[in-house]
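Here the structure comes first, spelled out in structure tokens, and everything after it is commentary.
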Amino acid sequence: MQPTILVTGGTGYIGSHTTVALQQAGYRVVILDNLSNSTPAVLDAIAQITGVKPEFTQGDVRDRATLDMLFDAYKIAAVLHFAGLKAVGESTEKPLAYYDNNVHGSVQLLSAMQRAGLKSFVFSSSATVYGDPQKLPLTEDHPRSATNPYGHTKLVVEDILENLYRSEAGWRIARLRYFNPVGAHTSGLIGEAPQGVPNNLMPYVAQVATGRRPKVQVFGSDYNTADGTGVRDYIHVMDLALGHVKALQSCLQSEQDLLTVNLGTGVGYSVLDMIRAFEQASGKTIPYDLVARRPGDIAACWADTQLASQKLDWRAQKGIQEMCDDAWRWETRS
Ligand code: NAD
Ligand code: UFG
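FYI, the numbering for the sequence shown is 9 to 342, going by my numbering.
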């Protein structure tokens, strides 16, 4: 009998790729998603890739009745919690929506798990919890801080998980701090589909390559980095997905654990490096302007990956060219 995993936010970008990895690793997946930032078409695409259509409930993680119904209906072994809002800029305009979805949603989910006697939980945290890095690479013990409501929701949920872990024996919790997920499944059938103008670099670059937008605006060329543009640790979304499978296995195998790990590659690339790699992948010239820094941005950020390697026996495998090739295949899907 395959263990059944509840994946909240499973039709979203990272959740859908992780669902593919979970199904391919032999797990049965039940998705809960309110479709606020995704479509049910993703379910057919997952079925095309894996041969199995995941079970799906359209619903909200803040809705306790739906959660109780799911925990009663399925014998769930663990929860992977992706559902939430993630736009940094929007979070400063609508902080209450962010605290409600991300913090209240997580509390509802954990309360329903507690009622159901289920204690294995994998949480989507973010490298944003490190604030402005005091030293690089970022190790998991680096001090945490938040400069915007989105980041603060991640800090609060990390703390809630620690409080819960200490309050009661038997919790098996992984707090995974993602660096910058990019790319798509190699099939080109699932990928990142931002609504409106993309906030993040790579979907924006992809839309410039297709001609949908005229130019990339490179935010800041006077950082203390090799070429003056911002440096990030871009990680292929399928590597990230496999990191979740490892974290889940680690949770299911332990008696109790509170694991906090970076999921990154350990290598930083600049905005201009990424534009060049995307030009290579697409065969297009990508015009750009060097403009002012984006408020709130940091100069550089990359992960120390030793803990993930030690604790999870996981390492990212794919480089930036594969990230860009796969993103381009997804962007130009028919
Ligand atoms: P996404 O928006 O593509 O996926 C999130 C999914 O959750 C969507 O399908 C959305 O419809 C659903 N959802 C949102 N609120 C919900 C709610 N209240 N109830 C049920 N479903 C809800 O985002 P993503 O990039 O896949 O991110 C997944 C998680 O990873 C988020 O928690 C995000 O904060 C975190 N994260 C993302 C990044 C990144 O750069 N993409 C980086 C670090 C952390
Ligand atoms: N950038 C541009 N032009 C754009 C968009 C971005 O030059 O149009 C630059 C940024 O200034 C930065 C780099 O590209 O130097 C990456 O920016 P992203 O917006 O793609 O990503 P961030 O590092 O700002 O943030 C992302 C997620 C956060 C998450 C963080 C984790 O958006 O939610 O990674 O490291 F917390």
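Backbone N, C-alpha and C define an ideal beta-carbon position, used for all residues, glycine too. Please read all numbers here as calculations on a predicted model, not as lab measurements.
Nearest-angstrom Cα distance between residue i and residue j?
| i | j | result |
| --- | --- | --- |
| V275 | G327 | 9 Å |
| I84 | I13 | 6 Å |
| K61 | L78 | 18 Å |
| S119 | K162 | 18 Å |
| K421 | G219 | The first residue shown for the chain is 9 and the last is 342, placing residue 421 beyond what the model contains. |
| S153 | L43 | 30 Å |
| L30 | V253 | 6 Å |
| G139 | T155 | 7 Å |
| H7 | V137 | Since the displayed the chain opens at 9 and closes at 342, residue 7 lies outside it and no answer follows. |
| S114 | P157 | 16 Å |
| S134 | N109 | 16 Å |
| G228 | P211 | 18 Å |
| D281 | A95 | 24 Å |
| H244 | E63 | 25 Å |
| E330 | W310 | 19 Å |
| G238 | I306 | 7 Å |
| H89 | G67 | 14 Å |
| R82 | P189 | As written in the sequence, residue 82 is Tyr, which differs from the Arg given in the question. C-alpha separation (whole angstroms): 31 Å. |
| T74 | Q116 | 11 Å |
| K102 | R301 | 23 Å |
| F286 | P303 | 25 Å |
| L93 | P222 | 28 Å |
| A214 | R284 | 12 Å |
| V224 | I181 | 39 Å |
| R5 | L250 | There is simply no residue 5 to check, as the chain begins at 9 and stops at 342 in what is shown. |
| A255 | T26 | 12 Å |
| M121 | V111 | 15 Å |
| S99 | Y107 | 9 Å |
Does any heavy atom of the ligand NAD sit closer than 8 Å to the C-beta of residue i?
| i | result |
| --- | --- |
| Y107 | no |
| T16 | yes |
| N156 | no |
| P103 | no |
| F79 | no |
| E339 | no |
| G97 | no |
| P295 | no |
| T19 | yes |
| S119 | no |
| K162 | yes |
| N110 | yes |
| A214 | no |
| P189 | yes |
| N270 | no |
Using a 10 Å radius around the Cβ and a threshold of 16 neighbouring Cβ atoms, would you call residue i buried or exposed?
| i | result |
| --- | --- |
| D174 | In the sequence on display, residue 174 carries Arg and not Asp. Answer is exposed; the Cβ neighbour count stays below 16. |
| L209 | buried |
| V226 | buried |
| N171 | exposed |
| G59 | exposed |
| L104 | exposed |
| E339 | buried |
| D247 | buried |
| V87 | buried |
| S290 | buried |
| V205 | exposed |
| E176 | exposed |
| G425 | Given that the chain is displayed from residue 9 to residue 342, the structure contains no residue 425 and the question cannot be resolved. |
| V299 | exposed |
| D241 | buried |
| G178 | exposed |
Is residue i near the ligand UFG - that is, is its Cβ less than 8 Å away from at least one heavy atom of it?
| i | result |
| --- | --- |
| A335 | no |
| A135 | yes |
| G228 | yes |
| M210 | yes |
| Y173 | no |
| D241 | yes |
| A309 | The sequence as given places Cys at residue 309; Ala does not occur at that position. Yes. |
| D71 | no |
| Y186 | yes |
| Q31 | no |
| K94 | yes |
| T237 | yes |
| R220 | no |
Are the C-beta of residue i and some C-beta of chain C separated by less than 9 Å?
| i | result |
| --- | --- |
| T273 | Within the model displayed, chain C is absent; a lone protein chain is all it includes. |
### Query
Do the stretch 257-269 and the stretch 37-53 make contact, defined as three or more Cβ pairs closer than 8 Å?
Flag = no, the stretch 257-269 and the stretch 37-53 do not touch.
### Task
Could you tell me whether the stretch 141-148 touches the stretch 265-281, where touching means 3 or more Cβ pairs closer than 8 Å?
Touching, yes.
### Message
I want to know whether the stretch 189-203 touches the stretch 325-340 - three or more CB-CB distances under 8 Å.
### Response
Remark: three or more beta-carbon pairs, one from each stretch, lie closer than 8 Å, so the stretch 189-203 and the stretch 325-340 are flagged as touching.
### Query
Are the stretch 232-239 and the stretch 10-28 touching by the rule of at least three beta carbon pairs closer than 8 Å?
These segments do not touch.
### Query
Contact between the stretch 45-63 and the stretch 17-28: three or more CB pairs below 8 Å?
The stretch 45-63 makes contact with the stretch 17-28, as at least three CB pairs between them are under 8 Å.
### Message
Does the stretch 287-295 come into contact with the stretch 122-134, if we say contact requires no fewer than three beta-carbon pairs (one atom in each stretch) closer than 8 Å?
### Response
Short answer: they don't touch.
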